[in-house]
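Trainee: The numbering used here puts the first residue of the sequence shown at 845, with every later residue one more than the last. Yeah, the Cβ is synthetic: ideal placement off N, Cα and C, and Gly gets one too. As the structure is a prediction and not an experimental result, all values here were calculated from the model. Got a structure here, written out as structure tokens. Questions coming.
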Amino acid sequence: MENIFFDLDGTLLESRPRLYKLFQQMVPLSGLSFDEYWALKRNKTAHKEILRDLFNYQPMEITRFEADWLKQIEQPEWLILDEPFAGISDYLKALKQTHKVFIVTSRQSEKMAFEQISRFGWLEMIDKLLVTGQVQEKYDLIKNEVKVSSGDWLVGDTGKDIQTGKRLGMNTAAVLTGFLNREKLAEYEPDIIETEATRLNFNQLNKLRTT
Ligand SMILES: [Mg+2]
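Written out as structure tokens, the structure reads:
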């Protein structure tokens, strides 16, 4: 059975409202709309650039913002805003019949991630949840936990995800539901770019690759 690794935020979960609303709360000056904020982020504009260039933050204020962001972003009152993308639960359930399915995330808190996917009923639809805790890279976490091979896939919404899959010798799929736009994702040369994860049919993709 081939292994399929899914990133969590932006790939299986719509977590953009959580990030936007926390940003708005932390930066009361910001009049950015949801679409304006995400147009910046999806074009790879970092918080520090947004804060410096649009809101005139000084370096120390940016440092404080970043520490505070990490402290707050996985608090239960924010995580509750996350929603599975349409059709993901059925998709995972079907996929589990023919593949080994992993969720791999760089969340800080394994406990909170576990509780969240358990709330969505996903625990029985995956083989394992892998959480870096931001003490290691996804690359090392996967490498130490799972024996991967060239028919495996990593699905994610960031350049880092694509780089990780490639370094591990897997196929890579980028999705447009998350934190980067098509142009930015294309720079990392994933094997495929799809609008959403549920459109990925790995049996078909692997057949195409071997013929
Ligand atoms: Mg992600």
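Taking 7 Å as the line, does the beta carbon of phenylalanine 929 fall inside it for any heavy atom of ligand 1?
Mentor: Incorrect: phenylalanine 929 has no Cβ contact closer than 7 Å to ligand 1.
Trainee: Do the CB positions of methionine 969 and leucine 923 come within less than 8 Å of each other?
Mentor: Contact flag unset, no.
Trainee: Taking just the CA atoms, how far does threonine 949 sit from methionine 956?
Mentor: Their Cα atoms are separated by approximately 12 Å.
Trainee: Is there at least one non-hydrogen atom of ligand 1 closer than 7 Å to the beta-carbon of glycine 977?
Mentor: No, the Cβ of glycine 977 stays beyond 7 Å of every heavy atom of ligand 1.
Trainee: Compute the distance between the beta-carbons of glutamate 846 and aspartate 996, then report whether it is under 8 Å.
Mentor: Yes, these two residues count as a Cβ contact at 8 Å.
Trainee: Around the C-beta of methionine 904, are 16 or more other C-beta atoms found within 10 angstroms, so that it is buried, or is it exposed?
Mentor: Result: exposed.
Trainee: Quick check: the Cα distance between arginine 886 and leucine 857, rounded to an integer number of angstroms?
Mentor: So the alpha carbons of these two residues sit roughly 16 Å apart.
Trainee: Considering only C-alpha positions, which residue in the set His891, Lys982, Leu1024 is nearest to glycine 1009?
Mentor: Checking every option, the nearest Cα to that of glycine 1009 belongs to Lys982.
Trainee: Closer than 7 Å: is that where the CB of threonine 1021 sits relative to any heavy atom of ligand 1?
Mentor: Answer for threonine 1021: no, Cβ out of range of ligand 1.
Trainee: Is it buried or exposed, aspartate 934, if we count other Cβ atoms within 10 angstroms and call 16 or more buried?
Mentor: Exposed: under 16 other Cβ atoms inside 10 Å.
Trainee: Can you tell me which of Ala883, Gln916, Leu974 puts its alpha carbon nearest to the alpha carbon of lysine 987?
Mentor: Among Ala883, Gln916, Leu974, the Cα nearest to that of lysine 987 is on Leu974.
Trainee: According to DSSP, is leucine 876 helix, strand or coil?
Mentor: Note: leucine 876 maps to coil in three-state DSSP.
Trainee: Compute the minimum distance between the beta carbon of aspartate 926 and the heavy atoms of ligand 1, and state whether it is under 7 Å.
Mentor: Checking every heavy atom of ligand 1 against the Cβ of aspartate 926, none is found closer than 7 Å.
Trainee: Alpha carbon to alpha carbon, what distance is there between glutamate 1038 and leucine 1044?
Mentor: The straight-line gap from Cα to Cα measures roughly 7 Å.
Trainee: Beta carbon of valine 1019, beta carbon of threonine 907: below 8 Å?
Mentor: No, Cβ-Cβ distance for valine 1019 and threonine 907 is not below 8 Å.
Trainee: Would you list the one or two residues that DSSP bridges to phenylalanine 946?
Mentor: According to DSSP, phenylalanine 946 bridges with Phe849, Lys972.
Trainee: Does any C-beta atom of chain B lie closer than 8 Å to the C-beta of glutamate 921?
Mentor: Looking for chain B here will not work: only one protein chain is present.
Trainee: Taking Cβ to Cβ, would you say leucine 1012 is nearer than 8 Å to valine 992?
Mentor: Cβ distance < 8 Å, so leucine 1012 and valine 992 count as in contact.
Trainee: Starting from asparagine 1015, follow the beta strand (DSSP E) in both directions and report where the run begins and ends.
Mentor: Where asparagine 1015 is concerned, the enclosing beta strand (DSSP E) stretches over 1015–1019.
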